[in-house]
Amino acid sequence: MSRIDVRKTYKLFIGGAFPRSESGYSYKVHDSKGAFVANAALASRKDARDAVVAARKAFGGWSGKTAYNRAQILYRIAELMEDRRPQLVQAVRQSEGLTAARAEKALDDAIDRLVWYAGWADKLTQVIGNANPVAGPFFNLSTPEPTGVVAVLAPQESSLLGLVSVIAPVIVTGNTVVVVSSYDRPLPAVTFAEVLATSDVPGGVVNILTGSAATIAPWLASHMDVNAIELVGIAGDTELATSLEVAAADNLKRVRRAPAAEPDWSADPGLDAMTAFVETKTVWHPMGV
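The following block contains the structure:
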C-alpha cells in the first residue's frame, strides 16, 4: 500500500521560539531539480519587527557575557552541527544540488568557520584595541564594543556556509542579529535554527526569517532600533541596495554594502566581517594618586 509523504512546514525562529508567520502565509520550497520538498513561512513586516524586539531584548545579556563564554557557545553550535550532520548534508544537497561529497565539504567548512570565529572571540580586542601613547598623567585605552542589533541579508546561493559566515562574526563580537535567509534555499537556514534552539545560544541572539529579502529588508533598513545592516544577500542588485542604503541613513546605521557578486565563501574570511560591526570606545583614566 502506497502512502502520502508528510511534507514539513517550517516556521520562523524568533526569540528562541518557532512562531508561525504573522502573515499566515507560507511558500513552496523546491529542490535543485524543481521537486517540491517543504513549505517555508513567508515572513512579514510584523515578523521583522518582532525579531528586532527579540534581538534588542537579548542584546544586554549577550554583549555582557565574557568573550570566552561567547567562544564556548559558538563551539557548542559547531558540536551540534556535527550531531545533525545527516540532516544538514541532506538540506544542502536538496538546496544546492551538490554531490554528497561536496555537501559534506560545505558542512565541514561551515563547522570549521564557527570554530575559527570562536577562537577569535577573546583575542580580537588584543588585535584591534590599543593602549594609546598620550602626554599626561593618565592611561588612554581603546577597546572594541558591539554595535547592537544587526540585520543580515544572507547569501542567496551559499545556503549554509555563506549563512554561517555572515552570522558568526556578528554574534561573536557581542551583537545580536536578525537574518533574512535565502529565499529559494531556506532549508539549511531553518535546520540551522533547530541547531541553535538546542544549543546554549540565548533566545533572541539569532533570529531567522524566511521569505523575500526585497520585501522584508526595507523595513529592517528603516527600523530605528536596528543599528547596522549587512547587504551581501542582494549582491548585484544595485537598485535595491541603493534604496536600502538611503533608508539606513535615517538613523545613521552602519552599512556593509552589497558586493557586485556573491563572495567565495571558502576563502579566508579575514577580520573585516568582525570589525565591520564594532565601535571603538576610548577611555581616559588617571594614573595612581
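Here the working numbering is used: the first residue of the sequence shown is -15, the next is one more, and so on.
Every residue, glycine too, gets a C-beta built ideally from N, C-alpha and C.
Item                                                                                                                          : Value
Reduced DSSP secondary structure (H/G/I, E/B, other) of T194                                                                  : coil
P130 in three-state terms, based on DSSP                                                                                      : strand
Cβ-based neighbour list, A75, same chain, cut-off 6 angstroms, excluding 5 preceding and 5 following                          : L171, P172, T175
Nearest residue (CA-CA) to G113, options I218, T127, V136                                                                     : T127
6 angstroms CB neighbourhood of V267 in its chain, flanking five on each side removed                                         : L125
Distance between G217 and E63 (C-alpha atoms, nearest Å)                                                                      : 27 angstroms
6 angstroms CB neighbourhood of G(-1) in its chain, flanking five on each side removed                                        : A38, G187, G188
Residues of its chain near G220, where Cβ-Cβ distance is below 7 angstroms and the 5 sequence neighbours each way are ignored : A244, A245
Coarse secondary structure for L125, derived from DSSP in three states                                                        : strand
Distance between beta carbons of M65 and V179, contact taken as under 8 angstroms                                             : 6 angstroms
Beta-ladder partner(s) of K12, from DSSP                                                                                      : N23
Secondary structure of A135, DSSP reduced to three states                                                                     : strand
From V(-10), A19, A32, residue whose alpha carbon lies closest to that of R275                                                : In the structure displayed, the chain extends from -15 to 273; residue 275 sits before or after that span and is not available.
Residues that DSSP places opposite W249 in a beta bridge                                                                      : The partner list for W249 (beta bridge, DSSP) is empty, contrary to what the question assumes.
Residue closest to A24, alpha-carbon to alpha-carbon, out of G44, L(-4), L98, V230                                            : L(-4)
Cβ neighbour criterion (16 or more within 10 Å) applied to H207                                                               : buried
Buried or exposed by the 16-neighbour rule on C-beta atoms within 10 Å, applied to L108                                       : buried
Contact belief for R238 with A212 at Cβ below 8 angstroms, rounded distance in angstroms                                      : 4 angstroms
Beta-ladder partner(s) of V269, from DSSP                                                                                     : Note that residue 269 corresponds to His in the displayed sequence, not to Val. Answer by DSSP bridge pairing, in chain order: F123.
Assigned exposure category for P70 - 16 Cβ within 10 Å defines buried                                                         : exposed
CA-to-CA distance, R60 to N53, given in whole angstroms                                                                       : 11 angstroms
Where the beta strand (DSSP E) through E214 begins and ends                                                                   : 212 to 214
Cβ-based burial, E80 [other Cβ within 10 Å; buried from 16]                                                                   : buried
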